[in-house]
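Quick notes on the structure that follows.
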Amino acid sequence: MSSFAMPRSEAEFKGVILELVDTLTTIIDEKAALLKKHSKRVADNSADFCTKYKLLQDDKIFMVYLTGLLHDIGFIFSPNTLLKNSGNPSEEEKVQMRKHPVVGEKIIANLSVLKDILPLIRHHHEAMDGSGYPDGLSGDEIPLGARVLCLFNDLDTMMFPFSKTAALTIPEALAEIKKETGTRYDSNLIDQFVEYVEATSAESDDYLLAKANASIKEIFANIIQDFTSGNIVPPVMPQVVKEVQAVIKKTSSTAEDIAVVIEKDPVISLRLISVANSPVYRGIHRIRNLKEAIPRMGLKETLSLVIAIANKSLYETEQAQFKILMDKLWVHSLASAYGAKLIAEHLKLPEPENYFLMGLVHDIGKSLLLKAFTSIYKEKKINFDVIQANIQQGHLSIGGVLLRRWGFDDIFIKVVTDHEKMVLAPETPKEILIVHLANMLTRNIGYSLFTDAVDFSELESATLLEIDQQKLDELGAEVRLIIQDVAHLF
Ligand SMILES: [Fe+2]
Ligand SMILES: [Fe+2]
Ligand SMILES: [Fe+2]
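Residue 615 is where the sequence shown starts when you use our numbering, and the numbers rise one by one after that.
Take a look at the structure:
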């Protein structure tokens, strides 16, 4: 028979106590969801404060820590609504509130290992001038640990209120506490307390934010590194796109030849038919099959739409929290595609479908980066501004690499890598100017990740292409209508 194994070392013993205390606080968390986190913060800060200013011996500091975790355990027996009131408790509620230190002491009283924390639990709401509860102790009658806990308890409640009152910022909370120094709080502790809170808070929020941002940046740097070195396999160009391209290259090809190829992919076929029936392309009769759809749109246009439909899958993500951003990217790409095509048509350039494709893929690097990021990043809190900034920074080179692998012509690659150029010149290829302009056009109609409007009169691409502001407004309105009609059909 084996005997019961008692904890052997002091560390092991402390570990058992912490487990026990954690179990108790879990019970109270059932009652009031925020209480466990509150208790943990009060425990951490109070104990850390005592350590930093050497206010107590180590074993006493451990007791302060345990009290922090358990100080409000007495709320277990109070009405469920007590902590969630409007912040303006009734007299009856105040009476209830004031019971929790004594109730807490009673709950813990039978656990002999925790006997040293009983006075701290009982007195964590006493005030220096004797106006506190439950015993109205004053000054040095209140244990030092309880005076410290009182400070951190109140600070935390002001910053993270249980009731519906507004949370105070750290400076606001410190100002409140200073007002009651000497009456409620120990004036001998206040300077160190303020110094401690200011120092740790300077670290905390800003520091944590900076740290989170740096880790996002690092993830993106790794993705780009992995992608360019071939460690990340880039998405392949859909087979159907390749085949349609090959068929169209043969000058003898007919609509029927293309239909045969596209029909192999039922999803693309169905979507193509619904796009063909949208107001943008609609004729008199409703189209029911590909053989009717293709002549209506033309061979080149059909190819563009097949590529656009196939591209859509690059903008899909399993991660729900990134869906909105992905959708925005997709709509931006589609709006840029139609924008570029309309600009090319306005300028009477041959093969406007090519500009559609350039607009469509100009930001493909963004979707690639975001997709890779969403599969790695699992934090719940997401700073979209930082993510967007990183996507913005990396998307040109990544997009260029992808299109090269897909076998696109040089001019496509140039469009992808150069469409954000600030300095444009008369010798800049028209393709780049057009996609640049289409990209900017999407901002003014609300289909861009950037929300600041663009002044067309100051836009070099508009000037070099000799398109005036009024025309651009017209084109923008037209793109918006098209997007409203077709974006959901892809
Ligand atoms: Fe309390
Ligand atoms: Fe871009
Ligand atoms: Fe863009």
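Every residue gets a Cβ at the ideal spot worked out from N, C-alpha and C, and that includes glycine. All figures in this text were calculated on a predicted structure; none of them were measured in a lab.
Short Cβ contact (8 Å threshold) for residue i with residue j
i     : j     : result
D749  : G718  : no
L1051 : L1079 : yes
V920  : M972  : no
E1072 : L1038 : no
F936  : Y810  : no
G1013 : N1058 : no
V635  : L697  : no
Y1061 : A949  : yes
F776  : A646  : yes
Q839  : Y667  : no
H737  : L751  : yes
S913  : I990  : Residue identity differs from the one stated: residue 913 is Leu in this sequence, not Ser. No. Outside cutoff.
I804  : T795  : yes
L928  : S981  : yes
N1004 : K831  : yes
V762  : L669  : yes
A661  : G682  : yes
V847  : K878  : no
F834  : G979  : no
K926  : F676  : no
I1097 : H960  : no
Supposed close pair residue i, residue j - CB separation, criterion 8 Å
i     : j     : result
V656  : G759  : Not confirmed; about 12 Å, so no contact.
N827  : V1000 : 5 Å
I735  : I722  : 6 Å
L1063 : H946  : 6 Å
V875  : V858  : 5 Å
P893  : D1066 : About 31 Å; that fails the 8 Å criterion.
L1010 : E1034 : 6 Å
Beta-carbon proximity list for residue i, same chain, < 7 Å, skipping 5 on both sides
i     : result
T842  : V1015
E870  : K905
E915  : E967
V808  : L788
M772  : L782, A787 and E790
A1101 : V945 and L948
A741  : T797 and R798
P852  : A924
E633  : none
L1086 : L1055, F1070 and A1076
Q1083 : F1070 and S1071
G1119 : Past the boundaries of the shown model lies residue 1119; the chain is included only from 615 to 1104, so the question cannot be answered.
I1027 : G1014, L1017 and R1018
Sequence-distant residues of the same chain with beta carbon closer than 6 Å to residue i, five excluded per side
i     : result
I642  : L649, I687 and I690
Q933  : T988
D1032 : I1046
Y969  : A954, K955, A958 and I1048
S867  : V861
T639  : K650, S653 and L683
Beta-bridge partners of residue i, as assigned by DSSP
i    : result
Y929 : Answer is none; Y929 lacks a bridge partner.
T795 : Y799
Beta-carbon contacts of residue i that lie in its chain and below 8 Å, excluding the five residues immediately before and after
i     : result
I901  : I887, A890, N891, A907 and R910
Q1002 : L939 and L1063
F774  : L648, K651, H652, R655 and A781
T931  : K937, M940, L984, K985 and T988
T865  : none
M711  : S692, L696 and P703
I631  : L680, V727 and L728
N997  : L823, A826, N827 and I830
Residue i at chain B interface by Cβ criterion, 8 Å
i    : result
I784 : Here there is only one protein chain, and chain B is not present.
TODO: Flag this pair as touching only if the segment 711-725 and the segment 756-774 have three or more C-beta atom pairs under 8 Å; answer yes or no.
DONE: Cβ pair count under 8 Å is below three, so no.
Task: Touching by the beta-carbon criterion (3+ pairs, under 8 Å), the segment 938-955 and the segment 875-883 - done: Per the Cβ contact rule, the segment 938-955 is not in contact with the segment 875-883 (fewer than 3 Cβ pairs under 8 Å).
Open item on the list: Count Cβ pairs between the segment 1016-1026 and the segment 974-984 that sit closer than 8 Å; are there 3 or more?
Closed with: The segment 1016-1026 is in contact with the segment 974-984.
Task: Segment contact, 8 Å Cβ cut-off, at least three pairs: the segment 1041-1050 with the segment 950-961 - done: The segment 1041-1050 vs the segment 950-961: in contact.
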